[in-house]
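Inspection log for the structure reproduced underneath, given as structure tokens.
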Amino acid sequence: MLGAVSGLPPRFIVKTARPGTPRACPVTSQLIGLLSFLQASSLSGLAEALLSPPRLRPLFREFRRGVASGKRVSRVSSARPRGAIGGGAQDAPPPPMAAEIQPKPLTRKPILLQRMEGSQEVVNMAVIVPKEEGVISVSEDRTVRVWLKRDSGQYWPSIYHAMPSPCSCMSFNPETRRLSIGLDNGTISEFILSEDYNKMTSVKNYQAHQSRVTMILFVLELEWVLSTGQDKQFAWHCSESGQRLGGYRTSAVASGLQFDVETRHVFIGDHSGQVTILKLEQENCTLVTTFRGHTGGVTALCWDPVQRVLFSGSSDHSVIMWDIGGRKGTAIELQGHNDKVQALSYAQHTRQLISCGGDGGIVVWNMDVERQETPEWLDSDSCQKCDQPFFWNFKQMWDSKKIGLRQHHCRKCGKAVCGKCSSKRSSIPLMGFEFEVRVCDSCHEAITDEERAPTATFHDSKHNIVHVHFDATRGWLLTSGTDKVIKLWDMTPVVS
1 MLGAVSGLPP RFIVKTARPG TPRACPVTSQ LIGLLSFLQA SSLSGLAEAL
51 LSPPRLRPLF REFRRGVASG KRVSRVSSAR PRGAIGGGAQ DAPPPPMAAE
101 IQPKPLTRKP ILLQRMEGSQ EVVNMAVIVP KEEGVISVSE DRTVRVWLKR
151 DSGQYWPSIY HAMPSPCSCM SFNPETRRLS IGLDNGTISE FILSEDYNKM
201 TSVKNYQAHQ SRVTMILFVL ELEWVLSTGQ DKQFAWHCSE SGQRLGGYRT
251 SAVASGLQFD VETRHVFIGD HSGQVTILKL EQENCTLVTT FRGHTGGVTA
301 LCWDPVQRVL FSGSSDHSVI MWDIGGRKGT AIELQGHNDK VQALSYAQHT
351 RQLISCGGDG GIVVWNMDVE RQETPEWLDS DSCQKCDQPF FWNFKQMWDS
401 KKIGLRQHHC RKCGKAVCGK CSSKRSSIPL MGFEFEVRVC DSCHEAITDE
451 ERAPTATFHD SKHNIVHVHF DATRGWLLTS GTDKVIKLWD MTPVVS
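To convert, note that position 192 of the sequence shown is 192 in UniProt numbering; the numbers rise steadily by one, no gaps.
Written as structure tokens, this is what we have:
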């Protein structure tokens, strides 16, 4: 019989028929048997590790003394002072647990609804069919597929059509069910889909470019088809006759195309990092202006006709918001990607921007906050904080007998500073810096916790994104990736 087993937790002690004599429960007996085996097997170190909690150390000490004396251990004395077990005021509080399991906070993230596989090559573009549970995709494997949801809950192709050349881009108008497809050989092919989306009928083909079509837009109000190609040409055609109405040569291959119906302005982003704005007439166009703000090529454009704001994504990992309607030349920078920005989409009803990167990241930006324009970097031959010369300022280096330092810039004030005066890092979400960036020491002290509050949420799509399409009515986001897979997401948890 075990006597006062003070080293054991209370749940291991049960009362006997004789009052005042506790005995060990079966769990305790099994524990002592395990310890005897470990001691006999020269594994006392493991036994001591098993009894490392403070409540079990007295039990191990008594057990070890009993084994050393050759006696069978049947009683374990208490290592606590008398009165330690009881309900008096001298009771010590139980020691804290070594690790507590904390419940994970509930994070809002996109919900994966469906995966569509089967393409042999990359799906260059895909769109969600409005008011239908369907998806239209064009792929590098020359196929056009219309995916419809079956009774099993899976999406299967109801239309599988092979084109004569790889499909590079597409534009779908749900009102007329007109599907315009740009091909690698420079041809634009137009089809009309049936009401049940089980049949597509060819309407016309016309040679729009001399090489691969990069972007295409169908404008229902004007019956125009706008397109750009790798031949550095922007062209627009009449969708009824297929006749070419006009063209414009860009400075580099265009990779982004947006159009404002009200003012007939077209926005073209190219690989040089430039955004060109043209005013289109029936058969001619006029250059309005050009924007330069990216250090890499423009990879995506998105136009908000309500706020009259243009968003441009680039291979320099940044997104720039150009305030066209404000007429002040304001450009807000958004830094939240670790790879090139591949696609942009804007939710007008919530004023949230969705940007997707080549690394699979999906960033949802809150554009309903008052953001600040990033300051221009100032030029100086010495640190504007401590007046230390920079390494090219030989005169000041000679006069002060000091070695020149490397120049840095504070992202908040734009001043030229040395490394010693800009040793701190901080995020500045209202300036678009969701990650920590270099700031001078004085600006770091001035930034409050409220100013560090994030204005964007980050999510992982688990594949390298090539193209996205957002259905604002249902809150669905479609992503196609380099893994040849189409994913359908429910974005209502994060876009609301």
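Idealized CB from N, CA, C, for every residue including glycine.
On the DSSP letters alone, give me the boundaries of the alpha helix (DSSP H) that residue i sits inside.
i      : result
Glu445 : 441-446
Gln243 : From DSSP, Gln243 is part of no alpha helix (DSSP H); its letter is neither H nor E.
Ser251 : Unbroken run through Ser251: none, as it is neither H nor E.
Trp377 : Looking at the DSSP string, Trp377 is not in any alpha helix (DSSP H), and its letter there is neither H nor E.
Met345 : It is Ser, not Met, that sits at residue 345 in the sequence shown. Ser345 -> not in any alpha helix (DSSP H); beta strand (DSSP E) instead, spanning 341-347.
Closest to residue i by CA distance: which of the options is it?
i           : options                        : result
Glu283      : Gly247, Ser312, Ile277         : Gly247
Thr295      : Val306, Cys302, Val319, Asp304 : Val319
Val135      : Asp141, Arg142, Val127         : Val127
Val306      : Ser168, Gln258, Gln348         : Gln348
residue 499 : Gln114, Glu376, Met491, Lys402 : What is shown of the chain runs 1 to 496, which leaves residue 499 out entirely.
Gly404      : Lys424, Cys383, Phe311         : Cys383
Ser255      : Ser345, Thr263, Ser315         : Ser315
Ile447      : Asp460, Pro166, Leu430, Ser461 : Leu430
Pro174      : Gly475, Leu220, Gln335, Phe391 : Leu220
Phe433      : Trp365, His265, Ser461         : Trp365
Arg351      : Lys487, Phe311, Ser380         : Phe311
Gly329      : Glu140, Asn338, Tyr346, Glu373 : Glu373
Arg178      : Glu140, Val122, Ser202         : Ser202
Gly242      : Ile216, Gln207, Glu262         : Gln207
Ile293      : Gly325, Asp184, Ile332         : A small correction: the amino acid at residue 293 is Gly; Ile does not occupy that position in the sequence shown. Answer by Cα proximity: Ile332.
Thr299      : Ser345, Val288, Gly326         : Ser345
Can you look up residue i in the DSSP assignment and give me helix, strand or coil?
i      : result
Cys356 : strand
Leu222 : coil
Cys302 : strand
Asp316 : coil
Val76  : Residue placement at Val76 cannot be trusted, given a pLDDT of 42 that sits under 50; what the coordinates show is reported in the next sentence. Note: Val76 maps to coil in three-state DSSP.
Cys413 : coil
Asp483 : coil
Ser382 : strand
Ser496 : coil
Ser180 : strand
Pro81  : Confidence in Pro81 is poor, its pLDDT being 42 and thus under 50, which makes the residue's placement too unreliable to answer from.
Ser422 : helix
Thr427 : Before going further, note that residue 427 is Ser rather than Thr in the sequence given. Strand.
Ser202 : strand
Asp471 : strand
Asp399 : helix
Arg292 : strand
Gly134 : strand
Thr214 : strand
Ser272 : coil
Is the beta carbon of residue i less than 8 Å from the beta carbon of residue j?
i      : j      : result
Ser251 : Asp270 : yes
Phe470 : Gly361 : no
Gly357 : Ile465 : yes
Trp303 : Asp368 : no
Ile192 : Val225 : no
Val363 : Arg108 : no
Val213 : Ser152 : no
Arg452 : Val437 : no
Ser165 : Ile216 : no
Leu245 : Leu301 : no
Between which two residues does the beta strand (DSSP E) harbouring residue i extend?
i      : result
Trp392 : It is not in any beta strand (DSSP E) - Trp392 carries neither H nor E in the DSSP assignment.
Val123 : 123-129
Ile192 : 187-193
Tyr160 : 155-162
Glu333 : 331-335
Leu405 : No beta strand (DSSP E) holds Leu405; DSSP gives it neither H nor E.
Asn173 : 167-173
Lys149 : 143-149
Ala235 : 233-238
Ala456 : 456-460
Looking only at its own chain, which residues have a Cβ that is under 8 Å from the Cβ of residue i, when we skip the five neighbours before and after it?
i      : result
Glu223 : Cys238, Ser239, Glu240
Ser400 : Pro389
Using a Cβ-Cβ cut-off of 7 Å (strictly less than) and excluding sequence neighbours within five positions of residue i, which residues of its own chain qualify?
i      : result
Tyr160 : Thr143, Arg145
Cys440 : Lys385, Cys410, Cys413, Lys415, Val417, Cys421, Ser422
Gln388 : Ser382, Lys402, Leu405, Cys418
Gly88  : Since pLDDT at Gly88 reaches only 43, below the 50 mark, its modelled position is unreliable, and no value is offered.
Phe234 : Thr228, Gly247, Tyr248, Thr250, Ala254, Ile268
Asn124 : Val138, Ser139, Glu140, Cys167, Ser168, Cys169, Val466, His467
Whose C-beta lies closer than 6 Å to the C-beta of residue i among residues of the same chain, with five residues either side of it excluded?
i      : result
Asp483 : His463
Thr286 : Lys279
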